[in-house]
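S.K.: Chains as they are written, first to last, in this note's numbering: chain A, 343 to 1436; chain B, 87 to 420.
My structure is below; once you've seen it, I'll send some questions.
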Amino acid sequence: MAVFDSPQEAFGILRPVCIQLTKTQTVENVERLQSKLHVVSDSALQDLQEYVLFPLRFALKTPGTKRESLVQSIVECITFVLSTTCIKKQDLLQELFSELCLCLSSPNSQQSAPVSEELKLAVVQGLHTLMHSAYGDIILSLYQPCTLPHLGFAISLLLTLAEQEKSKQIKTSALKCLQVLLLQCDCQDHPKLLDDIETKQLGDLLASFLPGISTALTRIITGDFKQGHVIIISALKVFYKTVGFIMADEQLARIPKDKEKPSVEHRIAELMVHRDANWVKNTGDKLAALIEKIVEFVSVHPHWKARMELIELVQDLLMKCRQSLLKSVGHLLKVLVGLVNDENPDVQCRCNNVLKNFADQRIVVESRALTDILSENLHSLATALPRLMSSQDDQGKYSTLLLLLGYLKLLGPKVNFVLHSVAHLHRLSKALIQVLELDVTDVKIVEERRWGPDGLAESSSSLSEPPLFKSKSQRKYFRFFTDERIFLLLREICRMLGYYGDLYLLVDHFTELYNESVIYRKQAAMILNELIAGAAGIEVEVLHETNSRASAEELKEIITSILEEYISQKNWYLVTSNEAEGNREELTMKHSDLQTITSGVHTCHLVPLPSSSELSPIVCSMNSNIWQICIQLEGIGCFAHALGIEFRLLLMSALYPVLEKAGDKTLLISQVATGTMVDICHACAYDSPRDLINHNADYLVNEISLNLHQMSLSSHTPIVLEIMFQNSDAGLLPLVEDVIQDVLFSLDQFHDERAASFLSVLRTVLAALARWFPEAKDDKQLQEQNFRKEKYDLHQGSATLGKGFAFTTPAEEIEQFLLDYLRNKDVADGNVSDADNEEEQPLPPETEMNDVCPDVEASLPVQTQIAKDVMERCIHLLSDKDLKTRLKVLDVLELCVTVLQSHENQLLPMVHRAWLPLVHRLTNDDPLAVLRAFKVLCTLGNKCGDFLRNRFCKDILPKLAVSLATQAPVSARAGPVYSHTLAFKLQLAVLQGLGSLCKKLDLGGGDLNKVADACLIYLSAKQPMKLQEAARSVFLHLMKVDPDTTWFILNELHCPLLYEPPHPSLHPVSLSGMAKPRTEYTDNVLLLLAELQG
Amino acid sequence: MCRRLSLDVEKFQECTRLAVCQSLLFLPGRCSWISLPVMALAPPSPQFVLRGSQSAVNTLHFSCRSKAHSPPLLFSGSLGGLIHVWNLETRRVDTTLDGHAGQSVYWVKTLEGQHLLLSQGRDLKLCLWDLAEGRNAPVDSLSLDSVGFCKGSVLTEGTQGCWLLAVPGKDMDEPASSSGPLLLAGYEDGSVILWDVSERSVLSRLACHEEPVMSLDFDSGRARGVSGSSEKVLCVWSLDEQQNLKVCRTQELTNPGIADVAIRPDGKILATAGWDHRIRLFGWKQLKPLAVLDYHSAAVHCVAFSDPGRPGEQLLAGGSKDQRISVWSVYNQT
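Below is the structure:
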């Protein structure tokens, strides 16, 4: 479409339509004009602006009722003209302004005329465009005292529209227009460069409308939820722009005290207000009420954009009108505080930014008044907190606590003003303590037990798991809430207190509470932990950096004192299980020992407590105690994090108690303690708990030794000692030497009461020794093996001979045998040639080795000395009247033998002394003891070999044989249940061990026969399968010791082959097992013979 | 600050040639004494025990009175010839000094704070160590000719860098003169002799023990000293204005053999190291038995009190043949 650039051309086109419109005012004509306007360029139209406007205005002004559609199209046309041109004359602006306003006014009433929605919209938009088309100084002419009534009319018109119309579009446009009208437009192209004086004048002028505007807007904002967030947002914007402009502290500061002489007529002057202090105060008060309403309503508005706008409102008002709106500051801050953890991340973020902004500008910190308000709020919140906590639901509690957290964050270092007031501090602490009350009715926590000693070892391998401190530890159950978020919030609150508050004061206060009553203790400890974490700045989100924080040195001092409190006798050693220690132990002993016998694996059990209803108060208090210990343990982990590497120094007092708890029988405690160890490792830069223990063994040893000296206190000491040994290396030995002596000394003194726990310590000690000094063992074994092998080879030789005789019978072999026989006979007669003699010495290195170690009383290595000392005690305790003790002693004895094996000079005398009681255990004792004793015997046979041969044959073998023989018919008859009996286990163990024992002891003919005789019956197919297998294993061993005899014995029982003599001159071989029908022994014998052959 | 120091050796004439000198002690200037009440019995358990010296501990010396940032130290000399420097904060060995060729070290003492250390060993050598900045080598040494067990004594008063050192000897070298200090020496024949060092003359001689004097200590505040010997008696003697030694009282003990005696710097407590494995504490004023510290499992060889640091933090350490050093915090409440 052609555009007419020059005014002349444009005029040519527009003139006819304008004339026509002036003559006949119809919608069509207006539309025609408008369509022509479209083809006129902006600049041309600017020149012809008044010309074009004239017919339109004329049409509007013509008296008489007009059709609405006409008015509407006229207004739209005017709007179009104004949108492309600008107004350069004041009077034109004023006239247009009033003409437009009049379109909506009914001449007779105050109410807006009952016109169509479209017209209203057109007018509002027309006004909007008009305001935008005016130049800066021109537009100001509209804001003179004399135009006050016009303005007032327009404003009230718009407000009415915004409030009462149904159409959303009209409402929003009206609000936008209002915003423009109040010169608060935020659009880009709107010129709004006002200098200070103009601003002030404008403010003075608009102040007259403030009450009306603000109340109307408040009504709009707090109106129907359903009206949609867009309107609320616009209304909020207008509200804060207006209030922020009129009540701006900056402007108010410049208002002179006295009212200026009004330069206008009296009536109008009456409308003007003077913004003096009094006015400000009154208005502030009234606004406060409105703001409170708004805040209450919008802060819970479901749409996040509305809440977002509210934040803007708060920011704007707080930035501009802190002083004039002093009364509202509390409400405004509450918004921020409440929204800082809003569910919408954008709102959250914005709110945080605003808060940061305030904090950066130190608005809160430096303004005394604000601090007062905040502390007042905090105080009233703290007062209400206990009530709220017990009455509100979780969501309510959550928001209440959010508020508390927000106040603390905002107050920052100023929180001390509040804390230094005793009343405030009491309120706050009581509230926290009340909320944090734990639910201690869970029986499971008391019941769950730890089994097996190696909980720590599992976790000590690596530090892969995250520190307990960060991960979710065992969940705590609280009486007053279930939502985990609330707990996290409470934690953050405490940390915030620790971060900003006076740490000495807080710690003192809560330590007092901690000591005051058992009811408070757990909560106070929890709070103390978090205070310290906060003070160290762990995981605290802060708004203000504070420089008043406790220094590292102070922190250390404080932590030391809390730690002392935690691990003091009365707070650390609490009753956590309701059985007397002894009973329980006995019970568990039975369990675990049976298990070690069968499978050697410890598993977890749940021993049910007696019905919990009758015990419940006790259970509760035990549960409470368990939790207290756990919280304290967590605290120690927390302290470690707070101090970092500095905590290493505190390990000298802290590590021992933690380890003590790591060995606790209650599952939860030991888990938490293990977690604490991991925490400490993280904080103090140790690779693993093992590393931690290893590096700090000296501190542990110190505590252990001191505790051993005071037996009454140290029921846990053996556990720690055990854990320490499990986790250390040989470097520990010089340190613990004297402790072991102490243990032995204590054992001597208290062997009635404490033998069990000490024996388990000794077992650990010796197991550790055996682990630490394996090299000696290796040598010995290697040597032993060589020796055995040689012997074995010898036997192999003869075995092949035997075999040859029995089966292959080549003539040369018989010849060789005879030659050997003759030579042996010669040797036996003493006719030995030198050469032969030399050959006959197969073991020179052996004897040499013995010579190398001179038989002098050199000082023994420490480990040997210890093992010897321990073994000494074992000998005494072997005949203890308590079965449990005897079993443990047997365990320890076995380990002693292992450690001592490379020192025969020490070992053999001890074995000699231990022999007699051991025989008693083996021959007439509880089957359990017999089992263990037999195991010890096997080890002894392994290590001492020949030394025991005679004793074994004399003292034990006959009895063993008898017992095997008497038990055989029983087991042969028994049903499937028999394999679960102790008798069966005993049989099995004996049969399994006997073979290798015979081999190790190198038993000779007669004794071997005894063994074979006793075991023979177990080859019967009537015996349980396992026993048959074990019996076969005995014979397999016997074959290695003496194949010929074994072959013979077996063949006596059953001989599968007939042996034809190779030469008629020889007697036929006749064995009693020959040509027997198949018997119960046949299968096993055949198996064994096949083995012997192959 | 590497200063080369030389040792002024003053050996003493052994005028009487009665016996081998067993114990030496310089008497510093006198000061007025304060009397304070003695506390009630404390539970006898050491505060902590230092382990790891790996041989019997012969001598102990505290050094706590230094700048704030350096930790309190305890020096120990062992039978194995090593000197261990224990950090009392971490309770671990900071440094190990090896300068006596594996021969027993039986006297250690610091000079001027923590950095200069004197040590005397059975290798007949007296070493001076400079420990500043983590050094651990002897800077000077002095050969001795006494093979006895007598510990040296050093007088640190006077100008800086000038000490008077007394070490046992057996012949009569000419000593350099000084400002007239007094020296107490305990002898194998059971006597204690007061020497005037500048005059090189015996001022007083007191035969108070039947057995050799093992150790002595002197409280210049009360002008009283105490000596222990291998017998069952503890002997307290006083020094009057005329420089005469007089026996004040004797204290009977349950078991014979006192290896070491030490009076706490504040003059309230006397500690003895007994061959009976026990450390005994007495009120120094009345010699009232206060406590028996029973921890060690072998003879206690030495006892030492820490320098008076902050009140309530004075430590007592006992070193024993069982290779342990027990550190006690007893009677600390003021």
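By construction, the Cβ of each residue, glycine as well, lies at the ideal position given by its N, Cα and C atoms.
All figures in this text were calculated on a predicted structure; none of them were measured in a lab.
Taking A:L992 and A:T902 to be in contact with their CB atoms under 8 Å, please state how far apart those CB atoms are, rounded to whole angstroms.
M.R.: With 8 Å as the limit, A:L992 and A:T902 qualify as a contact, their Cβ atoms being about 6 Å apart.
S.K.: Note down, in chain order, each residue of its chain lying with its Cβ closer than 7 Å to the Cβ of A:N1036, except the 5 sequence neighbours on either side.
M.R.: Around A:N1036: N1069, S1070, D1071.
S.K.: Quick one, which of A:M838, A:E1079, A:H768, A:A1372 has its alpha-carbon nearest B:D408's?
M.R.: The candidate whose alpha carbon is nearest that of B:D408 is A:E1079.
S.K.: Taking the C-alpha atoms as reference points, what is the distance between A:R399 and A:L444?
M.R.: About 12 Å.
S.K.: Please compile the residues from chain A whose C-beta is within a distance smaller than 9 Å of the C-beta of B:V135.
M.R.: Going along chain A in sequence order, the residues near B:V135 (Cβ under 9 Å) are V1043, N1044, S1047, L1048, D1080.
S.K.: Residues in its own chain within less than 8 Å of A:Q970 by CB, not counting five upstream and five downstream?
M.R.: Within the same chain, A:Q970 has close Cβ partners R863, K864, A867, N913, L916.
S.K.: Does the distance from the C-beta atom of A:L1290 to that of A:L1343 stay below 9 Å?
M.R.: Yes, the pair counts as a contact, with Cβ atoms nearer than the cut-off.
S.K.: Against chain C, with Cβ distances strictly below 9 Å, would A:P1385 count as a contact?
M.R.: The structure shown contains no chain C; its protein chains are A and B.
S.K.: Could you check what DSSP says for A:H1409 in three-state terms: helix, strand or coil?
M.R.: Reduced to three states, the DSSP call for A:H1409 is coil.
S.K.: Comparing alpha-carbon positions, which option in A:L1009, A:N965, A:L1010, A:D1033 lies nearest A:L997?
M.R.: A:L997 has its Cα closest to that of A:D1033, out of A:L1009, A:N965, A:L1010, A:D1033.
S.K.: What is the DSSP secondary structure of B:F304, counted as helix, strand or coil?
M.R.: Of the three classes helix, strand and coil, the one that applies to B:F304 here is strand, per DSSP.
S.K.: Assess, as a yes-or-no matter, whether the stretch 512 to 529 of chain A is touched by the stretch 569 to 576 of chain A under the definition of 3 or more beta carbon pairs within less than 8 Å.
M.R.: Because the criterion of three Cβ pairs below 8 Å is met, the stretch 569 to 576 of chain A and the stretch 512 to 529 of chain A touch.
S.K.: Got a sec: is the Cβ-Cβ distance from B:L127 to anything in chain A below 9 Å?
M.R.: Any reading at B:L127 is ruled out, since the residue's pLDDT is 44, under 50, leaving its predicted position unreliable.
S.K.: Just how far apart, CA to CA, sit A:P1152 and A:L1270?
M.R.: When rounded, the distance between both Cα atoms is 54 Å.
S.K.: In this structure, how does DSSP classify B:Q409 when only helix, strand and coil are distinguished?
M.R.: B:Q409 falls in the coil class under three-state DSSP.
S.K.: How many Å lie between A:S941 and A:M1213 at the Cα?
M.R.: Note that A:S941 has pLDDT 36, beneath the 50 cutoff, so the model's placement of it is unreliable and no number is given.
S.K.: So, at 6 Å on beta carbons, what are the nonlocal neighbours of A:L1324 in its own chain, with the 5 sequence-adjacent residues on each side left out?
M.R.: If we look at A:L1324 and ignore the five residues flanking it on each side, its Cβ neighbours are P1269.
S.K.: Where does the unbroken alpha helix (DSSP H) through A:C360 begin, and where does it stop?
M.R.: Start and end: 349 to 365.
S.K.: For A:A996, which of helix, strand or coil comes out of DSSP?
M.R.: DSSP places A:A996 in helix when its eight states are reduced to three.
S.K.: Is A:L1273 helix, strand or coil by DSSP?
M.R.: DSSP places A:L1273 in helix when its eight states are reduced to three.
S.K.: Can you tell me which of A:F422, A:L501, A:L461, A:S509 puts its alpha carbon nearest to the alpha carbon of A:S475?
M.R.: If we check each option's Cα against that of A:S475, A:F422 comes out closest.
S.K.: Any beta carbon from chain B within less than 9 Å of A:P1076's own beta carbon?
M.R.: Closer than 9 Å: yes.
S.K.: Helix, strand or coil: how does DSSP classify A:K510 here?
M.R.: Helix.
S.K.: Does A:N1038 pass the burial test, meaning 16 or more other C-beta atoms within 10 Å, or should it be called exposed?
M.R.: By the neighbour-count rule (16 or more Cβ atoms within 10 Å), A:N1038 is buried.
S.K.: Please classify A:D627 as buried or exposed, where buried requires at least 16 other C-beta atoms within 10 Å of its C-beta.
M.R.: It counts as exposed.
S.K.: Please report the straight-line C-alpha distance between A:D850 and B:D303, rounded to a whole angstrom.
M.R.: Their Cα atoms are separated by approximately 45 Å.
S.K.: Which parts of the stretch 459 to 507 of chain A are runs of the alpha helix (DSSP H), unbroken and 4 residues or longer, counting only runs that do not cross its ends?
M.R.: As far as the stretch 459 to 507 of chain A is concerned, its whole alpha helix (DSSP H) runs of at least 4 residues are 459 to 475, 478 to 482, 490 to 506.
S.K.: How about the stretch 1349 to 1362 of chain A and the stretch 1399 to 1416 of chain A: do they share at least three Cβ pairs that are nearer than 8 Å?
M.R.: Output reads no: the stretch 1399 to 1416 of chain A does not touch the stretch 1349 to 1362 of chain A.
S.K.: Whole angstroms is fine: what's the gap from A:F823's alpha carbon to A:L753's?
M.R.: Approximately 27 Å between the Cα atoms of the pair.
S.K.: Taking the alpha-carbon positions, what's the A:C691 to A:D684 distance?
M.R.: In a straight line, the C-alpha of A:C691 is about 9 Å away from that of A:D684.
S.K.: Hey, quick one: how far does the alpha helix (DSSP H) through A:R692 stretch, first residue to last?
M.R.: A:R692 -> alpha helix (DSSP H) spans 687 to 702.
S.K.: What did DSSP end up calling B:L165 once you bin it into helix, strand or coil?
M.R.: It is coil, neither helix nor strand.
S.K.: CA-CA distance, B:A291 and B:V389?
M.R.: A quick correction: the sequence has Arg, not Ala, at residue 291 of chain B. The straight-line gap from Cα to Cα measures roughly 26 Å.
S.K.: Which of the three DSSP states is assigned to B:E338 in this structure?
M.R.: Residue state, collapsed to three classes: strand.
S.K.: For A:Q521, count the other beta carbons within 10 Å of its own beta carbon; 16 or more makes it buried, fewer makes it exposed. Which is it?
M.R.: Counting Cβ neighbours within 10 Å, A:Q521 comes out buried, since at least 16 surround it.
S.K.: Sort out for me which residues DSSP pairs B:S205 with in a bridge.
M.R.: Bridge partners of B:S205: B:V194, B:C213.
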